[in-house]
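Below is one structure, written out as structure tokens; comments come after it.
Protein chains: 2
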Amino acid sequence: MNRFMEQFMKSGYKLTRPRRLLLERLEDLDRPFTAEELYEMMNREGIGRATVFRTLKLLLDIGILVRVHLEEGCQHYQLAAGLPGEDHHHDRIICRFCGKITDLDECPMRNDVAAIAKRSGYRLQGHHLDLYGICSRCDADNQKSH
Amino acid sequence: MNRFMEQFMKSGYKLTRPRRLLLERLEDLDRPFTAEELYEMMNREGIGRATVFRTLKLLLDIGILVRVHLEEGCQHYQLAAGLPGEDHHHDRIICRFCGKITDLDECPMRNDVAAIAKRSGYRLQGHHLDLYGICSRCDADNQKSH
DNA sequence: ACAAAAATGATACTTTGTATCAATTGGAGG
DNA sequence: CCTCCAATTGATACAAAGTATCATTTTTGT
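From first to last, the protein sequence lines stand for chains A and B. Okay, so the first sequence: first residue is 656 according to the working numbering, each after it adds one. Okay, so the second sequence: first residue is 656 according to the working numbering, each after it adds one.
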């Protein structure tokens with residue numbers, strides 16, 4: 656009976672075998688995962704597709720999981736508890752030509768977050784910044800072909 | 656024969672009836688659209704599903720379209736020419752509890768873009784910033800239920 | 001231990017595409 | 001202008017990622 660199971664029952668849901676197994680697996684999953692990845696794990700223990708997807712939805716409702724939005728195969732899930740407060744972010748530049756992704760070393764939002772939280776009234780937990788452009792290499796290649 | 660059709664033929668592709676019709680529709684579409692939306696339009700003129708998706712892919716390759724990444728139903732397409740340079744952006748705060756979305760009135764990135772472009776070597780065209788948190792209302796509701 | 005309510009899993013269906021392939025068409029060259 | 005053939009099309013079947021239905025099973029309050 657881990658912390659997720661308690662939270663689950665407190666929310667008024669029954670703790671069944673499939674749910675118990677799923678919540679056990681969840682403890683190890685510190686990185687974002689897709690529904691399909693989770694389904695494959697659970698299916699090896701005989702748990703059906705519908706149940707996995709239904710349980711994912713419940714966990715989102717309860718707040719144990721959050722959806723994170725990654726460019727590639729964009730529906731991912733992540734433990735809400737794994738989000739380290741305002742430090743959770745994901746900042747990068749994507750080349751619209753070749754798709755190359757460069758992660759930003761420094762977060763351009765670091766000085767703005769507190770002010771935005773104050774003005775907006777939100778308690779901020781993190782962010783996701785995608786800059787779009789043309790990388791230097793593609794830019795050079797395009798110049799040549801003119 | 657509009658600018659898209661010229662660019663299409665210059666790239667070595669045949670300008671067929673379905674493609675001509677699709678490129679005509681494209682001229683009006685200034686907002687992001689999904690493949691499905693485009694398919695519905697084209698299908699009314701008797702153009703097949705496969706052709707619409709194939710042509711979309713070609714237009715991405717050629718650079719007439721870019722994919723934009725919106726949270727809701729995340730695969731959208733947009734005219735590359737419609738992107739207004741560095742002014743193209745989309746900044747907002749999303750409540751992880753109720754899903755409420757608040758658009759930011761001022762762009763927190765406005766002062767950082769030039770420096771990032773310089774350091775990264777990318778020619779920046781726009782960005783997309785999602786802040787995540789709990790809105791004041793959900794935050795208050797959660798306090799109460801403890 | 002029992003009954004009611006909740007949850008399950010098999011199955012069929014939906015949505016958003018992709019692969020196949022026989023039939024058609026655009027356009028380069030004569 | 002006409003012909004030919006590679007490129008393209010659309011019908012169809014298939015795939016991946018879910019969702020809806022419903023008869024059966026499991027939990028839990030008493």
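Where a beta carbon is used, it is the ideal one built from N, C-alpha and C, also for glycine.
Give the DSSP bridge partners of residue i, in chain order.
i	result
L779 of chain A	B:G788
R747 of chain B	B:D758, B:D785
F688 of chain B	B:Y732
Would you say residue i reaches chain B, if we count a Cβ-Cβ gap shorter than 9 Å as a contact?
i	result
L681 of chain A	no
P687 of chain A	no
I789 of chain A	yes
L786 of chain A	yes
D767 of chain A	yes
L670 of chain A	no
M764 of chain A	yes
For a cutoff of 9 Å on Cβ pairs, would you count residue i as touching chain A?
i	result
A772 of chain B	yes
Q780 of chain B	yes
S666 of chain B	no
Y732 of chain B	no
Q662 of chain B	no
I748 of chain B	yes
T804 of chain B	Outside the modelled stretch of chain B, which goes from 656 to 801, sits residue 804 of chain B, for which no answer is possible.
L713 of chain B	no
D794 of chain B	yes
V707 of chain B	no
G701 of chain B	no
L759 of chain B	yes
Y694 of chain B	no
Can you tell me where the alpha helix (DSSP H) with residue i in it begins and where it stops?
i	result
L714 of chain A	704 to 717
K665 of chain A	658 to 665
D683 of chain A	672 to 683
For the structure I just gave you, are there three or more beta carbon pairs, one from the region 780 to 789 of chain A and one from the region 760 to 779 of chain B, closer than 8 Å? Judged by pairs of C-beta atoms under 8 Å, the region 780 to 789 of chain A touches the region 760 to 779 of chain B, as three or more such pairs exist.
Within 8 Å, do at least three Cβ pairs link the region 665 to 672 of chain A to the region 686 to 699 of chain A? Fewer than three beta-carbon pairs drawn from the region 686 to 699 of chain A and the region 665 to 672 of chain A are found closer than 8 Å, and the two stretches are therefore not classed as touching.
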